[in-house]
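Line order of the protein sequences matches chains A and B.
Take 1 as the starting number for the first sequence in our numbering and just add one per residue.
Take 300 as the starting number for the second sequence in our numbering and just add one per residue.
From the three backbone atoms N, C-alpha and C, an ideal C-beta is built for every residue, glycine too.
This structure is a prediction, so every number in the text was calculated from the model and none was measured.
Beneath this line is the structure, given in C-alpha cells, with notes to follow.
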Amino acid sequence: MPDSRRYLPPDATKRLGRLELQARHIVEGFLSGMHRSPYFGQSIEFVQHRQYVPGDDLRHIDWKVWARQDRLVIKQYEEETNLRCTLLVDGSASMSYGKAGQTKYDYARLLAACISYIVLRQQDSVGCVVFDDRIRARVPWRSQHQHLRTIVEALEHQTPKDKTNLDGVFRDIVSTFPKRGLMVLISDLLGAEQETLRGLGMLRRAGHDVLVFHVLHDDELDFPFNDPTRFEGLESDANLTCNPRALREGYLEALQRFLERVRKTTAAQKIDYQLVKSSDAPDAALARFLHARMSHHSH
Amino acid sequence: MQFLFQPLVFGFLLVLVPLLVHLINLIRHRKQPWAAMDFLLESYKKHRRWVLLKQWLLLLCRMLAMAALVAMLAGWISSNRWLPSWLGQQVVHHYVLLDDSYSMTDGLEGETAYGSALEAIDAIVRQAALDNAEHRLTLLRWSRSSLASQNENGSASMAADFLATSIPKENEKFLDKIKSTRPTGLELSPESALSLVLPVIEGFRGEQANLYIMSDFRRNQWDRPETLRAALQPLTAAGAEIQLIDCVRHEHENLSVAALEPEQEVWVAGVPLFIDVQVRNHGQQAARNVLIKPRTIEYASGQVKPVIDQPFSGVITELAPVIIDQIPPGEVVSRRFQVLFESPGEHIIEVRLPDDSVATDNVRACTLPLTTGQKVLLVDGDLTRSNAFYMEAALNPGAIARTGLQIDIHSESFLRDESDEVLSQYSAIYVLDLPRLEEPTIGKLERFAQSGGGICFFVGDNADKNFYNERLFNAGKGLFPAELGDAAPLPEAAAEEDLSDMLALPHPVFGPLLSSAGSPFRLLRVQRYVEAKLPDSASTATPTPMTPDAAPDKTRSNTGEKKSVAAVQTVAKLRNGKPFILDKPFGEGRVMSVMTSLLPNWTSWAQDPTFVVFALRSVGYLGSFRRAQVGVPSGTPWSEEMSLQRFLPELEFLIPAGNSGTRLPLKSVAKPQPKKDEADSELKGDATLSVFEPELSEDLVHQLLTPGVIEAWRTDITGNREVHNRAFYALPAEGNLQKPTPSELIANLRPVSVKHRYAENLANSMLTAGLVNRDTLLMAILIGLLLLEQALAYWASFHPPVRKGGLV
Chain A
1 MPDSRRYLPP DATKRLGRLE LQARHIVEGF LSGMHRSPYF GQSIEFVQHR QYVPGDDLRH
61 IDWKVWARQD RLVIKQYEEE TNLRCTLLVD GSASMSYGKA GQTKYDYARL LAACISYIVL
121 RQQDSVGCVV FDDRIRARVP WRSQHQHLRT IVEALEHQTP KDKTNLDGVF RDIVSTFPKR
181 GLMVLISDLL GAEQETLRGL GMLRRAGHDV LVFHVLHDDE LDFPFNDPTR FEGLESDANL
241 TCNPRALREG YLEALQRFLE RVRKTTAAQK IDYQLVKSSD APDAALARFL HARMSHHSH
Chain B
300 MQFLFQPLVF GFLLVLVPLL VHLINLIRHR KQPWAAMDFL LESYKKHRRW VLLKQWLLLL
360 CRMLAMAALV AMLAGWISSN RWLPSWLGQQ VVHHYVLLDD SYSMTDGLEG ETAYGSALEA
420 IDAIVRQAAL DNAEHRLTLL RWSRSSLASQ NENGSASMAA DFLATSIPKE NEKFLDKIKS
480 TRPTGLELSP ESALSLVLPV IEGFRGEQAN LYIMSDFRRN QWDRPETLRA ALQPLTAAGA
540 EIQLIDCVRH EHENLSVAAL EPEQEVWVAG VPLFIDVQVR NHGQQAARNV LIKPRTIEYA
600 SGQVKPVIDQ PFSGVITELA PVIIDQIPPG EVVSRRFQVL FESPGEHIIE VRLPDDSVAT
660 DNVRACTLPL TTGQKVLLVD GDLTRSNAFY MEAALNPGAI ARTGLQIDIH SESFLRDESD
720 EVLSQYSAIY VLDLPRLEEP TIGKLERFAQ SGGGICFFVG DNADKNFYNE RLFNAGKGLF
780 PAELGDAAPL PEAAAEEDLS DMLALPHPVF GPLLSSAGSP FRLLRVQRYV EAKLPDSAST
840 ATPTPMTPDA APDKTRSNTG EKKSVAAVQT VAKLRNGKPF ILDKPFGEGR VMSVMTSLLP
900 NWTSWAQDPT FVVFALRSVG YLGSFRRAQV GVPSGTPWSE EMSLQRFLPE LEFLIPAGNS
960 GTRLPLKSVA KPQPKKDEAD SELKGDATLS VFEPELSEDL VHQLLTPGVI EAWRTDITGN
1020 REVHNRAFYA LPAEGNLQKP TPSELIANLR PVSVKHRYAE NLANSMLTAG LVNRDTLLMA
1080 ILIGLLLLEQ ALAYWASFHP PVRKGGLV
C-alpha cells in the first residue's frame, strides 16, 4: 500500500518544513513568484518570525525586533515561483545494493519524496522520472499537494533493474522537456562514466538547473569485506572471487579517482553536486545541500 | 629420510591441509552482489600478479610450517650430507679404543664390562646417526692393535675394525658387526692402540675428534701412567678430546690359575709325575676351600684319531679334586697333584677353578709330551767307573722303581767319537771326574749345552785343576761354572754346631726336599771337596722353575734367541759356606757342577737317599731346557716344524670353538724350509698358525686369541695320524681386577686432560644431547616459517585491517 508517510516520517516532515528551496538560476515560468526571474519581478511575502538558532543565515535576522525586544528572530518568507522541478531517480540494478528496505533505491525514493514535498509546499510543480537504461516511469508536473501521492506511487511501482544509461535517458529528457527547469538527479552514477558525465553536460547545456544527489552505499565507500568473497556485478555479468582485503586499497583509490572526476566535471558545468551516504538522514542531506546552494547563490 | 616415530610420518599428509583450506575457501566464499564492479576489477587488474604471488608464497609457507611441525613431532633425522655443510657443522670423528682383554669379561649375571662397552658404542653410533652432522667411526680393539704393532709395518688400517667409516643412518648391520666382537684371552694395555690411532687423528685434522678409551681401567695398566701420559699427550695436541669410558663400577673377587706346569723331572710314560698348579687370589678377601678340578686328556701315540665334534680328541680322565683351604688376598698358593700316563704321546693336563666374575683365567691347560724313555749319558774317566756306579744306582735302581731312564755309561772317547746328533739324543750328560777333555769333546759339549742340553760335572781326585780352569772355565766363558781350587777337607763341625755338612738352597733339583721341616741332609757327610772360586757375577739367587703371572721361561724367547741370563748360581753350600753345587746357564742349556766326587772317601752323599732325589731331579732339570714349552700365552703365533721326509706337508689344526664343544678345522700346508747347510740331509717344513693369516675368519682369529688347546694333526708317509698339541693360556696378571678410583685415574694422567665417564652414563647423555640438537634445529625452522607466514599474511592483507575510514 503506497503511503507517503512511509517515506516522510513526522519528524522529517517537520524539519523539512523549515527549509526553503531557492532556485539559483532564473527559470522560465509562466507563474510569477518570489524567485528572481529574468522575465518577471519577484515578490516576497512575510510569513512569520521564529527563534534564531545557530546555523541560520545572519542576513535573515530581523534587526528591528532585536532593537526593540533584544532577542534574535529570523524572518521567514513564503517564496512563490513557477518552478518546474523534475526528479530523475535512478532505478537501475546497481541501486538495488543494500539490505532489504535500505537499498540505495530506497534511499533515493525517500530523498525524491522529500524534495517533492518541499517543492509542492512552495506551490511549485514537480514531476518525476524513474529510469535505468531508459525511462521506465514518468510523472508529469503538478503543483497540487495530492500530486505527492502520484509521485510516491510511481516510485513504489518500480524496482531496480537493468543497466544505467544516463546519456540516452538525458537525451530523451532534453528532447521531451524543452522548457528549462530544475533537474534533480538522484543516482549512484555507476555505469559508463563518460556517458554519464556527457549526459549531465547535455542537461546543463539545455539550460536546466541541475542538482545531483550522488547516492552511494556505506559499503561502497568503506569496502568493509574480510572473508573470501565472490563479487557479482549487479549491472553486468562480471564477477570476481578474491580476498577483499587484498583489493581494498586499490578499490578505494579507483573510487576516489572516480569521485574526483565527477566533482570536477560537475563543478565545471555549474552543477550542484552532493555525495550522500545511504546511512545519512535524508533531511540532513537536503539541508546541507540547500544551505550550500543558498550560500552559493547569494554570492 | 628417517624418523624416530615412523607412524607419525603419515602426519605429513597434513601438509595438504593449507592447500585444502585454500581450495575450500575458493569454493565456500560468500557471494556478494556488487554495484561498483568497475572499481573492483580495476583494482584487481592492477594488483592481480602481486596478489597471486603473495597468496602462493603464503600457501607455501604454511605448508612448509606444517611439514616442519610434523617432522619435529615424528623425530626427523636427515640422511643427507648437504645439511651439515649448509648449517656449517663440523665432521665428528669418533675414535673408539676398545679394551678386549679378558678382564673385560668381568661381570655377574650376564652383564659384562665388554657388554657395557658395546652398549656405549651402540649409543654413540645410534646418536651419531640421528645427528645432522656427518659422523665417522674408527674402532680399534686393543688386541688387534697389539698384534698389528708386532708387525714392522703395523698401522691402524691393519688393526681397525672401522677406519674413518661414515656412520650410516641404517646402522643395524653396522652395529651387528661391532656386537659380534668378543673379548679375547689376552692381557692387553692401551699403548698400542694409542700409538696406532695418533696418525689417524693427525690425518683427519679439521674434524672434531672424540677419543673414547673404553676399558675397565685396572691398576695393572693405569697405576703406572708414565707411558700412558706420553702416549696421550700427542693425542690431545692433535686436538682429540679424550674420554675414559669406564665399563666397570665395582671390583669383584677373582681367582686365577697363575701357573700349571709338570715338575722338572723325568717325563716318561709309565712314570708318575707331579704337576704343579698355582692359584692367585686377586680379590680383597681370603678365598676359602678353593676346589681345583684337574683332568687329563691322554693322546696315546697311534691310538687317537682326530675328533672334530668334541673338545679334545684324546681320552678325558677326571682326577681327584685338589682343595686349597685358604688363599689370602693377593697371595699365590701352590699345590701339586700326580698324573700317570701309561703310553707315550702329547698328553694334556687341564685344571679348572670354580666360577667367578672372570671365567677366562679359571681354566688352564698344559701339554705333557711323554716318551718311552729318557736317555742319560754317564761319562766316567775311571776304569772302575765308581762314580758311574753310584750315579747309575741312583738313576736306575732296577726293579725297585721304574724311573724311565736309559743309562748309558761310556768313557771320554765316546764323547770324542760320536757325533753331535748322537749326543743330542741324551737329555743330560754327566761328566764324572774326568781328568781332562780333548778339544773336539769340549766343542761337542759346548754345542750340546748351547742347544739346550744339560751337563753336570763331578770333580774329584782325577780332575785336572789347570785344565779345567784354562779350557773348561776359560775365565768364565767356558762350560764350567767356577774356577777350580784345590781339594780340601771339610773341617769337622763344632760340637755346638747343629748344621748339616750340606746346605741346599731353593732350586728345582732339591724341590721336594726343601719343603720338609728339618734338614734332610743331616746324615750325609762331606769329607773333602774341591774349592771353587766363583766369578764376580755369581749369586745365590735361585731360578724357580715356575714363574707365576708370566711366561714359564723368561730366559728364552719364542724364537729360541738367548736372552740375558743370571750368572752362576749356587745351588748348595757346604757347612763352611763354600759353594758345593753350582748352576750356570750356557746357551740354551745348563751346566751344573758338583764340587766333589761320589766316592766314599769324598762324601757319603751317594749312599744318602737325598742323592737319589738330586740325581733324578737333576736329570729332569738339565733335560728340561730342550723341551718344548708346555704352554704359551694366548695369541702366540705357532710355527709347526716337521720333517717333510717323515710327514706329508698337509696338516690340520683343530681349534676350540668356545663353549660349543665342537672345534673349527683349519687346513694348512707346510712350506719347505731352506737347508741350513749341505750336510743337513733332512728336508724340513713348517706350517704357521697366526692371526695375521689373511684367509682366517673372524671366528678363527677370535679363537686363536682365546685360551685353549689346539691340536695339529699331521700324517706320516705311512698314513698314520700324529698329533702335536699346544696349550694356550691366559696370562694371570690380567685377572687382577683392582682398579683406581676415577679421581686417582684422572690425577695419574695429569697434565693430560681427560674426562672420566661410566659407560651407562655415556649412553644416557648421548641420547639426551641428540634430542636437544635435533629439536632445536627443527624448532628454529618452524619458528622461522611461522614468522615468515605472519609477515606474508600481513603483506597479503589477510589479517583484519586496522579499522580505518573509507572515503567519506
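- [ ] Please compile the residues from chain A whose C-beta is within a distance smaller than 8 Å of the C-beta of Y343 of chain B.
- [x] Here residue 343 of chain B corresponds to residue number 44 of the second sequence, with the count starting at 1. Under the 8 Å cutoff, chain A gives L240, C242, L247, G250.
- [ ] Report the neighbours of A254 of chain A on chain B: residues whose CB is nearer than 7 Å to its CB, in chain order.
- [x] Position 254 of the first sequence, counted from the start, is the residue given in the question as residue 254 of chain A. By Cβ distance, chain B contributes F338, E341, S342.
Task: Under 9 Å by beta carbon: chain D residues contacting V391 of chain B - done: Any reference to chain D falls outside this structure, whose protein chains are A and B.
TODO: Measure the C-alpha to C-alpha separation of A268 of chain A and F170 of chain A and round it to an integer number of angstroms.
DONE: Here residue 268 of chain A is taken as the residue at index 268 of the first sequence, counted from 1. Here residue 170 of chain A is taken as the residue at index 170 of the first sequence, counted from 1. Between A268 of chain A and F170 of chain A, the C-alpha separation is close to 18 Å.
TODO: Jot down the residue ranges of each uninterrupted beta strand (DSSP E) in the region 109-181 of chain A, minimum 3 residues, whole runs only, in chain order.
DONE: 125-131, 135-142
Task: E782 of chain B, enclosing beta strand (DSSP E) - first and last residue - done: Taking the second sequence and counting its residues from 1, one reaches residue 782 of chain B at position 483. Unbroken beta strand (DSSP E) run through E782 of chain B: 782-788.
Open item on the list: Quick check on Q928 of chain B: does DSSP put it in helix, strand or coil?
Closed with: For this step, residue 928 of chain B is matched to residue 629 along the second sequence. Coil at Q928 of chain B, not helix or strand.
Task: For V567 of chain B and F809 of chain B, the rounded distance between their alpha carbons - done: Sequence index remark: in the second sequence, residue 809 of chain B carries index 510 (1-based). Sequence index remark: in the second sequence, residue 567 of chain B carries index 268 (1-based). Taking the straight line joining both Cα atoms gives about 20 Å.
Open item on the list: What would DSSP say about Q1089 of chain B, mapped onto helix, strand or coil?
Closed with: On the second sequence, position 790 is the one that residue 1089 of chain B refers to. Q1089 of chain B: helix per DSSP, three-state reduction.
- [ ] Look at the Cβ atom of R874 of chain B, then the Cβ atom of D785 of chain B, and state whether they are nearer than 9 Å.
- [x] The sequence position of residue 874 of chain B within the second sequence is 575, counting from 1. The sequence position of residue 785 of chain B within the second sequence is 486, counting from 1. Not in contact: R874 of chain B and D785 of chain B (Cβ atoms no closer than 9 Å).
Open item on the list: Pull the bridge partners of T480 of chain B from the DSSP assignment, please.
Closed with: Locating residue 480 of chain B in the second sequence gives position 181, counting from the first residue. T480 of chain B pairs with nothing; no bridge assigned.
TODO: Compare the C-beta of G127 of chain A with all C-beta atoms of chain B and state if any pair is closer than 9 Å.
DONE: Taking the first residue of the first sequence as 1, we reach residue 127 of chain A at position 127. For G127 of chain A, the answer is no, since every Cβ of chain B falls outside 9 Å of its Cβ.
- [ ] Determine whether the Cβ of H434 of chain B lies closer than 9 Å to any Cβ atom of chain A.
- [x] Locating residue 434 of chain B in the second sequence gives position 135, counting from the first residue. Chain A, which has no Cβ nearer than 9 Å to the Cβ of H434 of chain B, makes this no.
Task: Rounded straight-line distance, which links the Cα of S818 of chain B to that of P842 of chain B - done: Here residue 842 of chain B refers to the residue found at position 543 of the second sequence. Here residue 818 of chain B refers to the residue found at position 519 of the second sequence. With a pLDDT of only 46 at P842 of chain B, under the threshold of 50, the placement of this residue in the model should not be trusted, and no figure is reported.
Open item on the list: Would L1077 of chain B and M371 of chain B qualify as a contact pair, given that the criterion is a beta-carbon distance under 9 Å?
Closed with: Against the second sequence, residue 1077 of chain B aligns to sequence position 778. Against the second sequence, residue 371 of chain B aligns to sequence position 72. Going by C-beta atoms, L1077 of chain B is nearer than 9 Å to M371 of chain B.
- [ ] May I have the straight-line CA-CA distance separating L339 of chain B from E156 of chain A, to the nearest angstrom?
- [x] Within the second sequence, residue 339 of chain B is the residue found at index 40, counting from 1. Within the first sequence, residue 156 of chain A is the residue found at index 156, counting from 1. C-alpha separation (whole angstroms): 31 Å.
TODO: Note down, in chain order, all residues in the region 323-338 of chain B with a beta-carbon under 9 Å from any beta-carbon belonging to chain A.
DONE: N324, L325, R327, H328, R329, K330, Q331, P332, W333, A334, A335, M336, D337, F338
Open item on the list: What I want to know is whether the C-beta of G414 of chain B ends up closer than 8 Å to one or more non-hydrogen atoms of the ligand ADP.
Closed with: For the structure depicted, the ligand ADP is absent and the ligand set is empty, with no information on it obtainable.
- [ ] Mark L429 of chain B as exposed unless 16 or more other C-beta atoms lie within 10 angstroms of its C-beta, in which case mark it buried.
- [x] Taking the first residue of the second sequence as 1, we reach residue 429 of chain B at position 130. With 16 or more Cβ atoms within 10 Å of its Cβ, L429 of chain B is classed as buried.
Task: Nonlocal neighbours in the same chain, by C-beta distance under 7 Å from G1018 of chain B, ignoring five residues either side - done: Start at 1 with the first residue of the second sequence, and residue 1018 of chain B comes out as number 719. So the list is empty, once near-sequence residues are dropped.
- [ ] In the DSSP assignment, find the alpha helix (DSSP H) that holds F231 of chain A and state where it starts and stops.
- [x] By 1-based counting over the first sequence, the position of residue 231 of chain A is 231. No alpha helix (DSSP H) holds F231 of chain A; the beta strand (DSSP E) holding it covers 229-233.
Open item on the list: Using beta carbons (cut-off 9 Å, strictly below), is D172 of chain A in contact with chain B?
Closed with: In the first sequence, residue 172 of chain A corresponds to position 172, counting from 1. For D172 of chain A, the answer is no, since every Cβ of chain B falls outside 9 Å of its Cβ.
Open item on the list: Under 8 Å, CB to CB, which of the residues in the region 154-187 of chain A have a partner in chain B?
Closed with: none
Open item on the list: Residues in the same chain with beta-carbon distance under 6 Å from I477 of chain B, minus the five sequence neighbours each way, listed in chain order, please.
Closed with: Position 178 of the second sequence, counted from the first residue, corresponds to residue 477 of chain B. I420, listed in sequence order.
- [ ] Would you list the residues sitting across from M801 of chain B in a DSSP beta bridge?
- [x] Translated into the one-based positions of the second sequence, residue 801 of chain B becomes position 502. Partner(s): B:L873.
- [ ] Measure the alpha-carbon distance for P160 of chain A versus F131 of chain A and round it to whole angstroms.
- [x] If you number the first sequence from 1, residue 160 of chain A lands on position 160. If you number the first sequence from 1, residue 131 of chain A lands on position 131. Computed Cα separation, rounded: 9 Å.
TODO: Return the residues of the region 217-234 of chain A that lie within a Cβ-Cβ distance of less than 9 Å from chain B, sorted by chain order.
DONE: H217, D218, D219, E220, L221, D222, F223, P224, F225, N226, D227, P228, T229, R230, F231, E232, G233, L234
TODO: For A1095 of chain B, return the contacting residues in chain A, with the cut-off set at a CB-CB distance below 7 Å.
DONE: Your numbering for residue 1095 of chain B matches position 796 in the second sequence. Those are A246, listed as they occur along chain A.
- [ ] Kindly indicate which residue of B:Q972, B:R926, B:S917, B:V931 has the alpha-carbon position closest to the one of Q944 of chain B.
- [x] As a first step, residue 944 of chain B is located in the second sequence; it is residue number 645 there, counting from the start. The candidate whose alpha carbon is nearest that of Q944 of chain B is B:Q972.
Task: Reduced DSSP category for D219 of chain A - H, G, I as helix; E, B as strand; rest coil - done: On the first sequence, position 219 is the one that residue 219 of chain A refers to. Three-state result, D219 of chain A: helix.
- [ ] State yes or no: is the beta carbon of L190 of chain A nearer than 9 Å to at least one beta carbon in chain B?
- [x] Reading the first sequence from its first residue, position 190 is the one you call residue 190 of chain A. Answer yes: the Cβ-Cβ gap between L190 of chain A and chain B drops below 9 Å somewhere.
- [ ] Step through the CB atoms of chain A and report whether any lies within less than 9 Å of the CB of Q354 of chain B.
- [x] Residue numbering aside, residue 354 of chain B sits at position 55 when the second sequence is read from its first letter. So, interface residue.
Task: Distance between L111 of chain A and A285 of chain A (C-alpha atoms, nearest Å) - done: As a working mapping, residue 285 of chain A is identified with position 285 in the first sequence. As a working mapping, residue 111 of chain A is identified with position 111 in the first sequence. So the alpha carbons of these two residues sit roughly 9 Å apart.
Task: Contacts that V350 of chain B makes with chain A (C-beta to C-beta distance below 8 Å) - done: Counted from its first residue, the second sequence places residue 350 of chain B at position 51. Per Cβ cutoff of 8 Å: C242, N243, A246, L247.
Task: Delimiting residues of the alpha helix (DSSP H) encompassing F913 of chain B - done: Indexing the second sequence from 1 puts residue 913 of chain B at position 614. Here the alpha helix (DSSP H) through F913 of chain B covers 908-922.
Task: Cut-off 6 Å between Cβ atoms - residues of its own chain near L493 of chain B, not counting five sequence neighbours on either side - done: Translated into positions along the second sequence, residue 493 of chain B becomes position 194. Here the set comprises A530.
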